[in-house]
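Please read the structure below before turning to the comments.
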Amino acid sequence: MTETAPAIELRNISKAYGALRVIDDVSLRVEKGVFITLLGPSGCGKSTLLRSIVGLARPDSGQILVDGNDITNAAAHNRPVKMVFQDYALFPHMTVAQNIGFGCEMQGMSRKSISRRCQELLDLIRLPNLAGRYPDALSGGQRQRVALARALAPDPSALLLDEPLGALDLKLRQDMQRELKSIQRRTEKTFVFVTHDQEEAMSMSDLVAVMNKGRIEQLGAPQDVYANPATEFVANFVGAANLFRAHVIAVEGNEAKLEVEGSEWIVPVNRVTCGNGLKAGDRAIIVIRPEALTTDTTKAAGAIRITGKVTEQTYFGDRVHLHLSLANGRSVLIDARPQSLRPGVDEMTVECPASDLAIIVRGKRTEHS
Amino acid sequence: MTTRMRAQPGERPDIVSGRSRRFMTEGPGFALLMLLPALLVLGFVIGLPMIKAVILSFDTITFRRPAAAGTYGVHNYARLMSDPDAWGAVLRSALYMLGTVAGSVSLALGAALLTHRVIRLRALARLTFLLPWTVPAVVTALVWGVMYDGNFGVINRLLDFVPFVNGQDWLIDRQTALAALIVAQVWNEFPVAYIFFLAGLHSIPEELYEAAKIDRAGAFARFRFITLPQLRYIIAVIVILLMILGFKAFPIIFILTGGGPAGATETLTVLTYNTAFRSLDFSYSATLGILAVLVSIVLVLGYLRVMARADTGKGGAV
Chain A
1 MTETAPAIEL RNISKAYGAL RVIDDVSLRV EKGVFITLLG PSGCGKSTLL RSIVGLARPD
61 SGQILVDGND ITNAAAHNRP VKMVFQDYAL FPHMTVAQNI GFGCEMQGMS RKSISRRCQE
121 LLDLIRLPNL AGRYPDALSG GQRQRVALAR ALAPDPSALL LDEPLGALDL KLRQDMQREL
181 KSIQRRTEKT FVFVTHDQEE AMSMSDLVAV MNKGRIEQLG APQDVYANPA TEFVANFVGA
241 ANLFRAHVIA VEGNEAKLEV EGSEWIVPVN RVTCGNGLKA GDRAIIVIRP EALTTDTTKA
301 AGAIRITGKV TEQTYFGDRV HLHLSLANGR SVLIDARPQS LRPGVDEMTV ECPASDLAII
361 VRGKRTEHS
Chain B
1 MTTRMRAQPG ERPDIVSGRS RRFMTEGPGF ALLMLLPALL VLGFVIGLPM IKAVILSFDT
61 ITFRRPAAAG TYGVHNYARL MSDPDAWGAV LRSALYMLGT VAGSVSLALG AALLTHRVIR
121 LRALARLTFL LPWTVPAVVT ALVWGVMYDG NFGVINRLLD FVPFVNGQDW LIDRQTALAA
181 LIVAQVWNEF PVAYIFFLAG LHSIPEELYE AAKIDRAGAF ARFRFITLPQ LRYIIAVIVI
241 LLMILGFKAF PIIFILTGGG PAGATETLTV LTYNTAFRSL DFSYSATLGI LAVLVSIVLV
301 LGYLRVMARA DTGKGGAV
């Protein structure tokens, strides 16, 4: 083990079930104390990746290192990582204290040490008086916290959490998101969190790895992934997005002239989210987030203006969704302030500052290793 | 068209007929009505013989003293209290019961653990373990009788290959007869427990084992801390069911030894039969039967208590 070694390092991990490749050459480096989320749709391989790290699944190829030590072939019980399961996997015949102390007991710790550690963790999860309760006498949120305490009890290097908030209702989920983040900060442990809920990933993580079809499509800070999606999948999966097919006509200095679905747009070249920039002839996708489009047109130079017929206006209280139908028949979504609601208005022009759009050059992919 | 009659002011509504109609159509009366055919059949085939047996146990109907018939009293119960044969039979019944329970539970649990995990040939293995259940007890007794035969039984033939071990007449030797019967009984009834354990093992979430594995629990620790506690109610139910089956076991013992040699395998049920149909002492036989029923009632009460606890218990596969 070295001081500078990352908490978890994955090198070219692949795993297939028969002909189905569930993890496809994934490489990832997670530094100590980071809260990273593996975000992706069901079946994208995120849980299998987590199970590979903890030792419940064996990758077909690649290397897994924890604190610089190769644990690829180590048995699950010999790995310095613990896991919180989706359904918590609390032992129903054991009390809260027995559940939390189970890992310590298996490690051969003395009863006194186990008892002290249990109390520390019960204080950490703010359930100091529930040591003698059975899991079926706990609420969903309490069970989730006990599962977390049980995983933390043997003092692992990293904690892996497999959609642990999935079974909770919205309000409790939001509370537990804050609680989880708070516990992670206090314990300074590396958390690898798996979810398909992009809002959950955005609100809790230091880093988000967006996965699709067994690969990591993009790795970055939540705001970076949202503002600068590297692929069409990321743009669509993380938040809502208006995507426009584009063809690069010419590149002059810091600007590029694009043909976008029948119109000509001038965009800054530095808005390309991956690869080595734009060149004439490239095919690209322009990503404009619905909230980047504003109904208050400034006529500023460089702003992208879109005009279309208003087909639908949906009021949400704090914001309004407008649907514009463009001349070529495609629809554009605008997430605007409630003041933008224009009953009776048939046609509307909206504007997006060129600095708020993102350009994805088609056929290019980011590297994460 | 329907006409509804309403009580007029000053007129008393027909409350009684309404109540009785409700009692018979939706109240306890309805339930009683539906249960009546079953209650009649049960009363006829179980209740009447039971009452007859109780009456008989106070009577003095014996082939040796036909003239004493009609002399009622507690003399049979007094005789029972001081009859060493009867209490010896109770002891043998208890041994037989405990032997079959221990053998069946351990064999069934082992087989269930094996076939629960093993993937290849699992269906064949399960079928093999279930097969003895499909064999009638009478056939089981005849087959094991041939196998135990001192001269040409397969068990002694197999023991010929084991150094320093000699075959023997398993059912004729007082030391081995009861154990030999227990083995045959276990073979016949362990599939009942096997089915229960297999279902119980399937109901234990795999995540519990994975969580324990991550927490450094080895195979034995996982069995001790997860499998056994999760199966605790099933084990309790199976133990009591097998105790009931073992206590009232009859065909295998009766066909293989008839209670011999020299009463070494004479359990309470066999003694009851022998007293009635060999000694022709029907009243005392009925008294022994009543004793067997009382023991069975205690076991059934234990079973019901375990089931009630399982319904309100904390976790565990039931």
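Going down the list, the sequences are from chains A and B. Each step along the first sequence adds one to the number in this note's numbering, with nothing skipped, and position 343 is 343. Each step along the second sequence adds one to the number in this note's numbering, with nothing skipped, and position 155 is 155. Positions of the beta carbon are idealized from the N, C-alpha and C atoms, including for glycine.
Against residue i, what residues of chain B qualify as contacts under a CB-to-CB distance less than 7 Å, listed in chain order?
i: Gln107/A; result: Arg216
What is the C-beta distance between residue i and residue j, in whole angstroms, given that I count them as a contact (C-beta under 8 Å)?
i: Val210/A; j: Glu217/A; result: 5 Å
i: Ala280/A; j: Cys352/A; result: Ala280/A to Cys352/A, Cβ: 23 Å. No contact.
i: Thr140/B; j: Ile252/B; result: 6 Å
i: Gly55/A; j: Ser14/A; result: With 8 Å as the limit, Gly55/A and Ser14/A do not qualify as a contact, their Cβ atoms being about 17 Å apart.
i: Leu171/B; j: Ala180/B; result: 6 Å
i: Ile306/A; j: Leu324/A; result: 7 Å
According to DSSP, simplified to helix, strand and coil, what is residue i?
i: Arg283/A; result: strand
i: Gly262/A; result: coil
i: Glu312/A; result: strand
i: Gly166/A; result: coil
i: Cys118/A; result: helix
i: Asp338/B; result: Within the shown structure, residues of chain B are numbered from 1 to 318, placing residue 338/B beyond reach of any answer.
i: Cys352/A; result: strand
i: Ser113/A; result: helix
i: His116/B; result: helix
i: Met94/A; result: coil
i: Ala7/A; result: coil
i: Arg365/A; result: The predicted model places Arg365/A with a pLDDT of 45, which falls under 50 and marks its position as unreliable; any figure quoted below should be read in that light. In the structure shown, Arg365/A sits in coil (DSSP, three-state: anything other than H, G, I, E or B).
i: Asp175/A; result: helix
i: Leu357/A; result: coil
i: Gln63/A; result: strand
i: Asp160/B; result: coil
i: Leu181/A; result: Per the sequence shown, the amino acid found at residue 181/A is Lys instead of Leu. The answer is helix: DSSP assigns Lys181/A an H, G or I state.
i: Lys82/A; result: strand
i: Asn328/A; result: coil
i: Met5/B; result: Any reading at Met5/B needs caution, since the residue's pLDDT is 49, under 50, leaving its predicted position unreliable; the model's value is listed next. Coil at Met5/B, not helix or strand.
i: Leu127/A; result: coil
i: Ile288/A; result: strand
i: Ala317/B; result: With a pLDDT of 43 at Ala317/B, under the threshold of 50, the modelled position of that residue is not reliable, and the figure given next carries that caveat. Coil at Ala317/B, not helix or strand.
i: Glu217/A; result: strand
i: Asn12/A; result: strand
i: Arg222/B; result: helix
i: Ser93/B; result: helix
i: Val165/B; result: coil
i: Ser106/B; result: helix
i: Ser27/A; result: strand
Please list, in chain order, the chain B residues whose beta carbon lies closer than 9 Å to that of residue i.
i: Gly132/A; result: Near Gly132/A there are no residues of chain B at all, since even the closest Cβ is about 12 Å away, more than 9 Å.
i: Lys189/A; result: Simply none; closest approach about 15 Å.
Using DSSP bridges, identify the partner residues of residue i.
i: Lys142/B; result: Here the sequence assigns Leu to residue 142/B, which means Lys is not the residue at that position. Partner(s): none; Leu142/B has no beta bridge.
i: Thr62/B; result: Asp281/B
i: Pro268/A; result: Glu255/A
i: Thr37/A; result: Phe193/A and Val208/A
i: Tyr17/A; result: Leu20/A
i: Asp70/A; result: Leu65/A
i: Glu347/A; result: Lys309/A
i: Arg294/A; result: Residue 294/A is actually Thr in this sequence, not Arg. Per DSSP, Glu351/A.
i: His247/A; result: Glu259/A and Arg283/A
i: Ala336/A; result: Val320/A
Discussion item. Tell me which residues of the region 206-220 of chain B have at least one Cβ-Cβ distance to chain A shorter than 8 Å, keeping chain order.
Written reply: Glu207, Leu208, Glu210, Ala211, Ala212, Lys213, Ile214, Asp215, Arg216, Ala217 and Gly218
Fill in: Residues of the region 220-243 of chain B whose Cβ lies closer than 9 Å to any Cβ of chain A, in chain order
Ala221, Phe225, Ile226, Pro229, Gln230 and Arg232
Discussion item. Residues of the region 61-73 of chain A in Cβ contact with chain B at a cutoff of 8 Å, in chain order, please.
Written reply: none
Fill in: Contact set between the region 70-104 of chain A and chain B, restricted to residues whose Cβ is under 7 Å from the partner
Ala76, His77, Lys82, Met83, Phe85, Asp87, Ala89, Phe91, Pro92, His93, Phe102 and Gly103
Worksheet item: Which residues, in chain order, does the region 27-61 of chain A contribute to contact with chain B at a C-beta distance below 8 Å?
Response: Val54, Gly55 and Leu56
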